[in-house]
Amino acid sequence: MTVTTSQKESILKRYAQERDKRLRPDGLGQYVPLTGRFAHYAEDPYTPMVEREPVTDDVTFAFIGGGFAGLLVGARLKEAGVESVRIIDKAGGFGGTWYWNRYPGAMCDTASLVYMPLLEETGHMPTEKYAHGPEILEHCERIGKQFGLYEHALFHTQVTDMAWDESLARWRIQTNRGDDFTAQFVGMGTGPLQVPKLPGIPGIDDFAGHSFHTSRWDYAYTGGSPEGTTMDGLSDKRVAVIGTGATAVQCVPELAKSCKELFVFQRTPSSVDVRGNQPLDSAWFADVSSPGWQQRWLDNFTANWEAFAGVSVDDELEDLVQDGWTDLARRMRDILRALPPEERSAERMMEAFEDADIEKMEEIRARADAVVADPTTAANLKAWYRQLCKRPCFHDEYLQAFNRPNVHLVDTDGKGVERITEHGVVVGGHEYEVDCIVFASGFFVEFGISLAERAGFDPKGVGGKSLSQHWEDGMRTMHGVHVHGFPNLFVVQLGQGAALASNVPHNYVESSKTVTTVVSHALDGGFERVEVTGEAEEAWVDLLETHGRAFGSEECTPGYYNNEGRPAGPKERRNFGYPFGAVAFFKLMDEWRRSGSFDGLEFS
Ligand code: NDP
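Each residue of the sequence shown is one higher than the one before, starting from 2 at the first, in our numbering.
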């Protein structure tokens with residue numbers, strides 16, 4: 002699809018208009034936590050709580066969070082011979098986001114062969130190119146079993162305090178279950194998007210019907226199950242979904258099949274490209290899965306996603322995954338390749354990025370016209386922004402759902418829902434009466450909520466200084482992992498590291514190697530304490546600030562990727578990833594680990 006210069010100009014003008022329409026002075030302040038009638042979200046509907054005695058022992062490594070971060074670190078430590086590993090989670094089992102998010106239709110956005118970690122080690126072949134939630138959750142449990150991580154795990158347990166005791170050279174950890182134990186090393190993988198939020202719509206508490214957030218799906222009300230059985234509790238119900246992000250795109254098709262009537266309230270449409278899910282073939286997989294295959298696939302996916310990471314534009318870059326994530330980069334490379342070498346400047350590269358993006362988004366918008374029968378609905382489902390301004394979505398049943406007579410798109414022209422009443426949802430002065438409201442309104446981002454609110458506790462390092470005090474002006478780490486004043490503590494998250502959004506577990510795959518290498522070095526050398534120096538932390542933060550990798554452009558439509566369209570302050574900017582990209586970061590970390598000198602760390 003070729004786009005002329007005047008078409009490009011009018012598209013960019015439309016992008017700016019659509020963004021301006023959505024800018025709000027309250028930014029992230031428009032969202033509210035789940036309290037009052039939604040407070041049940043803190044309870045676990047999936048696993049009954051089991052009474053147990055408090056633990057008061059000592060472990061080598063305690064990890065807070067039983068999602069992919071904790072599972073990967075735990076598995077690698079066990080492989081390295083560290084036996085005493087304890088994972089603590091407020092959920093009733095492993096899985097993190099996949100434990101809580103069991104909404105119908107939940108599946109992974111990223112191809113399962115790169116998204117699901119430790120496939121090679123567990124020998125598991127995913128059933129589909131994009132695995133569904135229950136299979137991913139089961140895989141988390143598989144990792145837990147295979148690596149013996151259930152043995153010391155504490156589930157349904159919320160850490161309330163974690164403090165460094167210099168005299169013991171240990172962390173002291175206390176929980177809401179009365180536990181009070183020590184650990185030589187601790188890790189934190191409490192998740193980037195784990196605290197659900199609601200839009201602060203006036204009247205939200207007045208609704209007399211049923212309502213819940215997607216991350217705490219109420220199957221007792223809807224009937225059905227995460228495995229996809231029909232939600233027969235909804236056959237006589239009028240249901241509203243508020244929000245049209247990645248979660249809504251997955252659950253709307255399922256709701257459409259079950260509800261008497263479904264009203265989808267949209268503020269900003271998602272870009273919804275082709276998914277093309279398919280079962281994986283075991284003969285093909287046997288061919289693919291030669292030793293070392295998953296690391297090769299991970300590296301290949303990330304290199305393709307970054308388009309120019311360490312490869313010349315003329316080099317053939319094999320694309321193993323071949324999906325919507327790598328497609329944009331492939332297009333950029335093609336545009337640049339068509340130019341003579343002397344014209345391939347950095348400026349032209351940015352232009353190629355823009356041109357590839359416009360071409361791609363025009364195709365996605367054309368898809369809405371091709372799939373959706375009603376022209377007004379099709380027009381309203383078109384996303385007017387660059388593809389990476391919001392989480393790109395891929396689905397083969399979402400747009401199609403709007404062709405069903407029981408499904409209605411209620412577009413709010415960027416304004417959002419006006420009001421909620423006792424009986425339903427108001428948009429443009431019209432009240433849509435419903436029995437149930439499903440909030441697909443997402444999660445607080447890291448800089449939108451304090452560390453203590455996000456994690457449930459605030460670690461206290463040397464001299465009792467809390468991590469949130471240390472991070473008062475924004476995150477400070479070396480490599481996104483080590484924090485000065487917090488010896489023997491490792492944060493396992495995206496910021497100040499690769500910040501690779503296309504495949505979040507890949508970040509943790511690499512961090513788990515770093516944590517394990519450092520811990521093994523300390524244990525083998527008989528060191529009690531390892532800490533990043535203040536200078537090394539400062540140098541890393543300086544590097545990030547000097548080169549400032551773009552994080553959610555202000556030109557984008559507002560959302561959590563770009564601080565709701567407000568200029569990023571120093572705090573938000575500190576959440577940037579390594580300026581030279583994920584491939585370069587992983588290479589740097591590999592060399593740093595191999596060097597054995599662990600520059601920046603002090604062992605004692
Ligand atoms: P999002 O934050 O992406 O979406 C929230 C939705 O609520 C947006 O459409 C937003 O509109 C809308 N909204 C907010 N306020 C209002 C209002 N007042 N009136 C109407 N609509 C409103 O949350 P999701 O749960 O969809 O996704 C969160 C993240 O989780 C994703 O970005 C992705 O990273 C991850 N995810 C991953 C999946 C995977 O397969 N791996 C699947 C699902 C989610 P607006 O856009 O205008 O702000």
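Just so it is clear, CB atoms sit at the ideal spot from N, CA and C, and this is done for glycine as well. In this text, all values refer to a predicted model and were calculated from it rather than measured experimentally.
Go ahead and label Trp326 buried or exposed: buried means 16 or more other beta carbons lie within 10 angstroms of its beta carbon, across all protein chains shown.
Trp326 should be labelled buried.
Suppose the cutoff is 6 Å on Cβ atoms and the five residues either side in sequence are ignored; what does the same chain contact list for Phe403 look like?
The residues are Val373, Thr378 and Leu410.
Can you tell which of Glu423, Tyr386, Val482 and Arg239 has the C-alpha that lies nearest to the C-alpha of Ala17?
Nearest option by C-alpha distance: Tyr386.
Just the Cα atoms here: how many angstroms apart are Thr558 and Glu432?
Approximately 27 Å, taken between the alpha carbons.
Measuring only the C-alpha atoms, how far is Gly293 from Asp315?
Approximately 27 Å, taken between the alpha carbons.
Near Val275, what residues of its chain come up, given a Cβ to Cβ distance below 8 Å and the 5 sequence neighbours on each side ignored?
Cβ within range, chain order: Gly325, Arg368, Phe395 and Asp397.
Does the Cβ of Val411 lie closer than 7 Å to at least one heavy atom of ligand 1?
For ligand 1, not one heavy atom lies less than 7 Å from the Cβ of Val411.
Assign Ile205 to one of three DSSP states: helix, strand, or coil.
Note: Ile205 maps to coil in three-state DSSP.
So, for His1: in the same chain, excluding its five sequence neighbours on each side, which residues have a beta-carbon less than 6 Å away from its beta-carbon?
Residue numbering for the chain in the displayed model covers 2 to 605; residue 1 lies beyond these limits and cannot be assessed.
Under DSSP, the beta strand (DSSP E) around Ile438 begins and ends at which residues?
From DSSP, the beta strand (DSSP E) with Ile438 extends over Cys437 to Phe440.
Count the other CB atoms within 10 Å of the CB of His41; is the residue buried (16 or more) or exposed (fewer)?
Looking at its Cβ environment, which holds fewer than 16 other Cβ atoms inside 10 Å, His41 is exposed.
For Ala81, which option in Asp525, Leu544 and Ala569 has the closest C-alpha, if you only look at C-alpha atoms?
Checked all of Asp525, Leu544 and Ala569; the closest Cα to Ala81 is Asp525.
Do Gly234 and Gly224 come within 8 Å of each other at the CB atom, strictly closer than that value?
Yes, they are a contact pair.
Check for me: the alpha helix (DSSP H) holding Gly535 runs from which residue to which?
That run of the alpha helix (DSSP H) goes Gly535 to His548.
At a cut-off of 7 Å, is Met108 close to ligand 1 when judged by its beta-carbon and the heavy atoms of the ligand?
Yes; taking the cut-off as 7 Å, the Cβ of Met108 has a heavy atom of ligand 1 nearer than that.
What is the rounded straight-line gap between the Cα of Tyr32 and the Cα of Phe64?
In a straight line, the C-alpha of Tyr32 is about 30 Å away from that of Phe64.
Does the beta-carbon of Gly430, which I'm using as the reference point, lie nearer than 7 Å to any heavy atom of ligand 1?
Gly430 Cβ: outside cutoff for every heavy atom of ligand 1.
Under the criterion of a Cβ to heavy atom distance below 7 Å, does Val196 qualify as lining ligand 1?
Checking the Cβ of Val196 against ligand 1 gives no.
To the nearest whole angstrom, what separates the beta carbons of Met189 and Val492, a pair I think is in contact under 8 Å?
About 5 Å separates the two Cβ atoms, so the contact holds.
Give a yes or no on whether the C-beta atoms belonging to Ala76 and Phe156 are separated by under 8 Å.
No, the Cβ-Cβ distance between Ala76 and Phe156 is not below 8 Å.
Within 8 Å of any Cβ in chain D, is that where the Cβ of Glu423 sits?
Looking at the structure shown, chain D is missing, and only one protein chain is on hand.
Taking Cβ to Cβ, would you say Gly192 is nearer than 8 Å to Thr111?
No.
Taking the DSSP output, what are the residues bridged to His133?
His133 pairs with Met108.
Identify the continuous beta strand (DSSP E) that holds Ser212 and give its terminal residues.
His211 to His214 is the extent of the beta strand (DSSP E) around Ser212.
Going by DSSP, what residues sit across from Ala257 in a beta bridge?
None; Ala257 has no bridge partner.
Of the choices Phe182, Ala247 and Val160, whose alpha-carbon is the least far from that of Asp166?
Here the closest residue by C-alpha is Phe182.
Quick check on the DSSP output: the alpha helix (DSSP H) that includes Pro34 runs from which residue to which?
Counting along the chain, Pro34 falls outside any alpha helix (DSSP H), though it belongs to the beta strand (DSSP E) covering Tyr32 to Pro34.
Rounded to whole angstroms, how far is the Cβ of His214 from the Cβ of Phe39, which I believe are closer than 8 Å?
About 7 Å; that satisfies the 8 Å criterion.
Looking at C-alpha atoms only, which residue of Val408, Val273 and Glu529 is the closest neighbour of Lys361?
Among Val408, Val273 and Glu529, the Cα nearest to that of Lys361 is on Val273.
If you measure between the beta carbons of Val426 and Ala241, is that distance less than 8 Å?
Yes, these two residues count as a Cβ contact at 8 Å.
Can you tell me whether DSSP reads Ser271 as helix, strand or coil?
Residue state, collapsed to three classes: coil.
According to DSSP, simplified to helix, strand and coil, what is Tyr116?
Three-state DSSP puts Tyr116 in a helix.
Near Ile137, what residues of its chain come up, given a Cβ to Cβ distance below 7 Å and the 5 sequence neighbours on each side ignored?
Taken in chain order, the residues that qualify are Trp99, Cys109 and Met117.
Considering just the uninterrupted stretch of the beta strand (DSSP E) at His431, what are its terminal residues?
From DSSP, the beta strand (DSSP E) with His431 extends over His431 to Glu434.
I'd like to confirm the pairing. Which residues does DSSP put opposite Phe182 in its beta bridges?
BP columns for Phe182 point to Ile174.
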